[in-house]
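As given, the protein sequences belong to chains D and R, one line each in that order. With the first letter of the first sequence counted as 1, position 261 gets the number 260 in numbering that gives the first Met the number 0; the numbers rise by one all the way through. With the first letter of the second sequence counted as 1, position 153 gets the number 152 in numbering that gives the first Met the number 0; the numbers rise by one all the way through. Cβ coordinates follow ideal geometry from the N, Cα and C atoms, glycine included.
2 protein chains.
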Amino acid sequence: MSQTYDKVALIGLGLIASSMYWAMKREGLAGEVRGYARSSETRDVAREIGLCDSVCDSAAEAVRDADLVVLCVPVGAMGAVAEEIAPHLKAGATVSDVGSVKKAVIEAVGPYLPDNVNFIPAHPLAGTEHSGPGSGFAELFDNRYTLLVPAQNTPQKAVQKLRELWEGIGAKVEEMDAEHHDLVLGVTSHAPHLIAYTMVGVADDLRRVTDSEVIKYSAAGFRDFTRIAASDPTMWRDVFLNNKEATLEILGRFTEELFALQRAIRTGDGDLLHAYFTRTRAIRRGIIEAGQDTDAPDFGRVKK
Amino acid sequence: MSQTYDKVALIGLGLIASSMYWAMKREGLAGEVRGYARSSETRDVAREIGLCDSVCDSAAEAVRDADLVVLCVPVGAMGAVAEEIAPHLKAGATVSDVGSVKKAVIEAVGPYLPDNVNFIPAHPLAGTEHSGPGSGFAELFDNRYTLLVPAQNTPQKAVQKLRELWEGIGAKVEEMDAEHHDLVLGVTSHAPHLIAYTMVGVADDLRRVTDSEVIKYSAAGFRDFTRIAASDPTMWRDVFLNNKEATLEILGRFTEELFALQRAIRTGDGDLLHAYFTRTRAIRRGIIEAGQDTDAPDFGRVKK
Chain D
0 MSQTYDKVAL IGLGLIASSM YWAMKREGLA GEVRGYARSS ETRDVAREIG LCDSVCDSAA
60 EAVRDADLVV LCVPVGAMGA VAEEIAPHLK AGATVSDVGS VKKAVIEAVG PYLPDNVNFI
120 PAHPLAGTEH SGPGSGFAEL FDNRYTLLVP AQNTPQKAVQ KLRELWEGIG AKVEEMDAEH
180 HDLVLGVTSH APHLIAYTMV GVADDLRRVT DSEVIKYSAA GFRDFTRIAA SDPTMWRDVF
240 LNNKEATLEI LGRFTEELFA LQRAIRTGDG DLLHAYFTRT RAIRRGIIEA GQDTDAPDFG
300 RVKK
Chain R
0 MSQTYDKVAL IGLGLIASSM YWAMKREGLA GEVRGYARSS ETRDVAREIG LCDSVCDSAA
60 EAVRDADLVV LCVPVGAMGA VAEEIAPHLK AGATVSDVGS VKKAVIEAVG PYLPDNVNFI
120 PAHPLAGTEH SGPGSGFAEL FDNRYTLLVP AQNTPQKAVQ KLRELWEGIG AKVEEMDAEH
180 HDLVLGVTSH APHLIAYTMV GVADDLRRVT DSEVIKYSAA GFRDFTRIAA SDPTMWRDVF
240 LNNKEATLEI LGRFTEELFA LQRAIRTGDG DLLHAYFTRT RAIRRGIIEA GQDTDAPDFG
300 RVKK
């Protein structure tokens, strides 16, 4: 595949940035990639493992002359980073991000950026429960969606170029507006994460069931929740604080529905439960048919 | 490994029974294994794929002369099956089950069984989202726990023999009493399943987020829930109806905790959220250290 950007800057060097770097290099999509992380420890690790062509000691240095700057920091840190890099951006550059919420990032970042750069917010729907500079791998985006949320007045050519980068590193790309993005992700990601965190917290709290029992007997269902609830705490704190409205709305719906099922259990309404569980089974089939998960039992954990 | 039982009867031929059969055969642990399923379609499939040494057309025929009878039917069907087989059980036989709740099964099955058989309830903490006679595989129990819930007056020798069978097919075996079992499983399995079913149901209901979007963008977290929510509807209906008390108690705790986190989101209490998410991350590490899940990112779905 041919190069899409000559110079790329990755600000923040966690799971997403490091995976982007390895994938861009695998495909030869970027000329020089410079990286920056606020923590000197992270920068040291990056240098050690060869993450980025060069690791800079300031964000300003990293973005200088860059054709594409990707903000890969927690959502709550986006505004401060934008303020820091704004004076150093090259005219005509594209600034993007990989944050899990879009309305709040646009509001935080947009005001700092000069008029002569194109801000094209993005969100790759890919990740694992691991984090940090050592957690990335080139295949992370393969067959996963990346959502672009361009403003209406963004030049089509700039959007197209960013699309080509994401497609080049394996992703399927779609565009949507920020409000819709935040609602969809509230359902498919933010509410499920909060629920998983809660369930794991409850299990940890229950004094009559010792920690060791919860852990030993986790294969019965619980361990799936613990994977999600092992995701990066800072990233997720920021997601919830910055997608409040949609998350709280969906959690409200969730509680309402949970109460209905609890009542069915209490009153012994087996028909309601059976019909409900039959309906949810169909959704799983849809996900497998759409190529978004494996049909192997237990996510393929068990090797036959 | 040497044979533990000469004649074994499996009543109900779903995921657990079929996995037991393949595992027992692999290890040469049972002489002759007879199977029975209520549905003639299931019996046909079993005969076709060679599941069991012989498939009988009645439960009475299957249990005749059996040294071990394992009830592998949904919890709600256990009582009726026990009534049906009771007159045909061999003196000195062991009757066991694989139900996910134990108090209700003991109450349903116990009264029907003659005094000259040993009833040793059991629960293998293993399964996948697949069901039916074709879903079993010999490795299902490898390194998973099986809990035995023997009554106090059960001869130790009979318990030991059943333990050897389970250990022989790969499981780690522990004993506990029925009440404690139902509480522990309420936490590690029943509440998480109901929560997953609910979250998937809510996503399906949300009209502004089309089905196709929920499915396409599921990799962001939601798809983990759909695997659990794809589990067998009949089995799970019966679990909830038969472990009402513990399930409802834990769901009450869960809701309380969820409300606290919702309030933290609403009021912007980032410190509370961050501390909570850091605590839950530690539990995941415990599960991995205990050998009860893989540390590979995303359950190893992504092949590096």
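Which residue's Cα is closest to the Cα of PRO154(D): VAL172(D), LEU12(D), GLY167(D) and THR93(D)? Looking up residue 154(D) in the first sequence gives position 155. Ranking the options by Cα distance to PRO154(D), first place goes to THR93(D).
Proximity of THR69(D) and ILE10(D) at Cβ, strictly below 8 angstroms: Residue 69(D) sits at position 70 when you count from the first residue of the first sequence. Residue 10(D) sits at position 11 when you count from the first residue of the first sequence. It should be noted that the sequence gives Val, not Thr, for residue 69(D). Contact annotation: VAL69(D) and ILE10(D) have beta-carbon atoms nearer than 8 angstroms.
Reduced DSSP secondary structure (H/G/I, E/B, other) of HIS180(D): Counting from one through the first sequence, the residue named residue 180(D) turns up at place 181. Reduced to three states, the DSSP call for HIS180(D) is helix.
Starting from the beta carbon of ASP203(D), find every residue of chain R whose beta carbon is closer than 9 angstroms, and list them in chain order. In the first sequence, residue 203(D) corresponds to position 204, counting from 1. What ASP203(D) touches in chain R: ARG278, THR279, ALA281 and ILE282.
I want to see whether chain R comes within less than 8 angstroms of LYS101(D), judged by CB atoms only; does it? Within the first sequence, residue 101(D) is the residue found at index 102, counting from 1. Closer than 8 angstroms: no.
Is DSSP giving TYR4(R) helix, strand or coil here? Residue numbering aside, residue 4(R) sits at position 5 when the second sequence is read from its first letter. TYR4(R): strand per DSSP, three-state reduction.
Start-end ranges of the beta strand (DSSP E) lying completely within the region 137 to 215 of chain D, minimum 3 residues: 144 to 147 and 171 to 174
Within 10 angstroms of the Cβ of ARG42(D), are there 16 or more other Cβ atoms? Answer buried if so, exposed if not. Taking the first sequence and counting its residues from 1, the one referred to as residue 42(D) is at position 43. Within 10 angstroms of the beta-carbon of ARG42(D) lie 16 or more other beta-carbons, which makes it buried.
Determine the burial state of GLN261(R): buried for a count of at least 16 other Cβ atoms within 10 Å of its Cβ, exposed for fewer. Your numbering for residue 261(R) matches position 262 in the second sequence. GLN261(R) sits buried, since 16 or more C-beta atoms from the chains shown fall within 10 Å of its C-beta.
Interface residues of chain R around TRP235(D) at Cβ under 8 angstroms? The residue given as residue 235(D) occupies position 236 in the first sequence. What TRP235(D) touches in chain R: LEU272 and PHE276.
What in chain D is Cβ-close to TYR144(R), meaning under 8 angstroms? Here residue 144(R) refers to the residue found at position 145 when the second sequence is read from its first residue. Ordered by position in chain D, the residues that pass the 8 angstroms Cβ test against TYR144(R) are LYS215, TYR216 and ALA218.
How is GLN67(R) classed by DSSP in three states: helix, strand or coil? The residue given as residue 67(R) occupies position 68 in the second sequence. Here the sequence assigns Leu to residue 67(R), which means Gln is not the residue at that position. Strand, per DSSP.
LEU12(D): which of GLU106(D), CYS71(D) and GLY78(D) sits nearest, CA to CA? For the purposes of this step, residue 12(D) is taken as residue 13 along the first sequence, with counting starting at 1. Checked all of GLU106(D), CYS71(D) and GLY78(D); the closest Cα to LEU12(D) is CYS71(D).
Look at the Cβ atom of GLY304(D), then the Cβ atom of ARG283(R), and state whether they are nearer than 8 angstroms. The question about residue 304(D) has no answer here: the residues shown for chain D are numbered 0 through 303.
Just checking: is the beta-carbon of LEU193(R) within a distance shorter than 8 angstroms of some beta-carbon in chain D? Position 194 of the second sequence holds residue 193(R). LEU193(R) counts as touching chain D.
For the region 154 to 187 of chain R, list every residue whose C-beta sits within 7 angstroms of some C-beta in chain D, in sequence order. LEU182, VAL183, LEU184, VAL186 and THR187
Nearest to VAL208(D) by CA position, among MET198(R), MET175(R) and PHE221(R), is which residue? Within the first sequence, numbered from 1, the residue matching residue 208(D) stands at position 209. The alpha carbon of VAL208(D) has as its nearest neighbour, out of MET198(R), MET175(R) and PHE221(R), the alpha carbon of MET175(R).
Given 8 angstroms as the limit, is there contact between the region 44 to 51 of chain D and the region 75 to 83 of chain D, that is, 3 or more CB pairs closer than that? no
Nonlocal neighbours in the same chain, by C-beta distance under 6 angstroms from ASP5(D), ignoring five residues either side: Within the first sequence, the letter at position 6 stands for residue 5(D). Counting only Cβ-Cβ distances below 6 angstroms, and skipping sequence neighbours, we find GLY30 and ASP66.
Under the rule that 16 or more other beta-carbon atoms within 10 Å means buried, what is PHE258(D), buried or exposed? Locating residue 258(D) in the first sequence gives position 259, counting from the first residue. PHE258(D) is exposed by the Cβ-count criterion.
Which residues does DSSP pair with GLU31(D) in a beta bridge? Counting from 1 along the first sequence, the entry for residue 31(D) is found at position 32. Answer is LYS6(D).
Closer than 8 angstroms to chain R by CB, LEU240(D): For the purposes of this step, residue 240(D) is taken as residue 241 along the first sequence, with counting starting at 1. Chain R, which has a Cβ nearer than 8 angstroms to the Cβ of LEU240(D), makes this yes.
ASN241(D) to ASP64(D) span [Cα, whole Å]: Here residue 241(D) corresponds to residue number 242 of the first sequence, with the count starting at 1. Here residue 64(D) corresponds to residue number 65 of the first sequence, with the count starting at 1. ASN241(D) and ASP64(D): Cα-Cα distance of roughly 31 angstroms.
Taking a Cβ distance cut-off of 7 angstroms, strictly less, list which residues of the region 251 to 271 of chain R are near chain D, in chain order. With the criterion set as a beta carbon lying under 7 angstroms from some beta carbon of chain D, the members of the region 251 to 271 of chain R are ARG252, PHE253, THR254, GLU256, LEU257, LEU260, GLN261, ILE264, ARG265, GLY267 and GLY269, in sequence order.
For LYS303(R), name the three-state secondary structure that DSSP assigns. Taking the first residue of the second sequence as position 1, residue 303(R) is located at position 304. Bear in mind that the predicted position of LYS303(R) carries a pLDDT of just 46, short of 50, making it too unreliable to give a figure here.
Using DSSP with H/G/I as helix, E/B as strand and the rest coil, what is ARG117(D)? Along the first sequence, read from residue 1 onward, the residue named residue 117(D) stands at position 118. The question names Arg, but residue 117(D) is Asn in the sequence shown. ASN117(D) falls in the strand class under three-state DSSP.
For ASP231(D), count neighbouring Cβ atoms within 10 angstroms of its own Cβ and tell me buried if that reaches 16, exposed if not. As a working mapping, residue 231(D) is identified with position 232 in the first sequence. Burial call: buried.
For a quick check, are the C-beta atoms of ASP96(D) and ALA59(D) less than 8 angstroms apart? Against the first sequence, residue 96(D) aligns to sequence position 97. Against the first sequence, residue 59(D) aligns to sequence position 60. Against a cut-off of 8 angstroms, the Cβ pair of ALA59(D) and ASP96(D) comes out as no contact.
Among the candidates GLU288(D), THR197(D) and ARG280(D), whose CA atom is the shortest distance from the CA of ALA263(R)? By one-based count along the second sequence, residue 263(R) stands at place 264. Checked all of GLU288(D), THR197(D) and ARG280(D); the closest Cα to ALA263(R) is THR197(D).
Tell me whether the beta-carbon of ASP204(R) lies closer than 8 angstroms to the beta-carbon of ASP223(D). As a first step, residue 204(R) must be located in the second sequence, where it is residue number 205. As a first step, residue 223(D) must be located in the first sequence, where it is residue number 224. Against a cut-off of 8 angstroms, the Cβ pair of ASP223(D) and ASP204(R) comes out as no contact.
In this structure, how does DSSP classify VAL238(R) when only helix, strand and coil are distinguished? What you label residue 238(R) is simply residue 239 of the second sequence in a count that begins at 1. In the structure shown, VAL238(R) sits in a helix (DSSP, three-state: H, G or I).
Once the 5 residues before and after LYS303(R) are set aside, which same chain residues still bring their CB inside 7 angstroms of it? Here residue 303(R) refers to the residue found at position 304 of the second sequence. At LYS303(R), the pLDDT of 46 sits below 50, so the modelled position is not reliable; the number obtained from the coordinates is stated separately. Hits under 7 angstroms: none found.
If you check the beta carbons only, do ALA45(D) and PRO132(D) fall under 8 angstroms apart? Locating residue 45(D) in the first sequence gives position 46, where the first residue counts as 1. Locating residue 132(D) in the first sequence gives position 133, where the first residue counts as 1. Contact: yes.
Judging by CA-CA distance, which residue of PHE136(R), ALA219(R), ASP292(R) and MET234(R) is the nearest neighbour of SER188(D)? Here residue 188(D) refers to the residue found at position 189 of the first sequence. Measuring from the Cα of SER188(D), the nearest candidate turns out to be ALA219(R).
Which residues in chain D sit within 7 angstroms of GLU212(R), going by Cβ to Cβ distance? As a first step, residue 212(R) is located in the second sequence; it is residue number 213 there, counting from the start. Those are VAL183, listed as they occur along chain D.
For ASP292(D) and ARG143(D), what's the separation of their Cα atoms in angstroms? What you label residue 292(D) is simply residue 293 of the first sequence in a count that begins at 1. What you label residue 143(D) is simply residue 144 of the first sequence in a count that begins at 1. Answer to the nearest angstrom: the Cα atoms are 10 angstroms apart.
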